[in-house]
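>
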Amino acid sequence: MISITLNGTSREVPSNTTVESIVREITTATQGIAVAVDESVVRRTDWANTVLQSGARVDVLTAVQGG
183 MISITLNGTS REVPSNTTVE SIVREITTAT QGIAVAVDES VVRRTDWANT VLQSGARVDV
243 LTAVQGG
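Residues 183 to 249 in the numbering used here are what the sequence shown lists, from first letter to last.
Following this line, the structure appears as structure tokens:
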């Protein structure tokens with residue numbers, strides 16, 4: 183297990199956790215999602231291959247329409 187910060191909250195995850203698995207765990211949205219790891223945007227095409235490291239700061243943002 184490794185320790186990461188996900189959207190400002192400390193969390194323990196398995197050491198082979200990818201960006202893709204974190205996104206699937208916290209949202210059912212399939213579009214309008216942006217992810218940054220340590221303040222760098224991770225392209226959607228790289229989510230499955232981006233393994234999180236201990237101490238990573240992960241921000242998952244979902245676009246919401248409003249009126």
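All C-beta atoms, glycine included, are put in the ideal place defined by N, C-alpha and C.
Hey, which unbroken runs of the beta strand (DSSP E) at 3 residues or more fall wholly within the stretch 199 to 238?
Within the stretch 199 to 238, the complete beta strand (DSSP E) runs of at least 3 residues are 215 to 219.
> Quick check on the burial criterion: 16 or more other C-beta atoms within 10 angstroms. Buried or exposed for Thr-209?
Exposed, since its Cβ has fewer than 16 Cβ neighbours within 10 Å.
> If we count the other Cβ atoms within 10 Å of its Cβ and call it buried at 16 or more, is Thr-199 buried or exposed?
That one is buried.
> Buried or exposed for Ala-230, going by 16 or more other Cβ atoms inside 10 Å?
Exposed: under 16 other Cβ atoms inside 10 Å.
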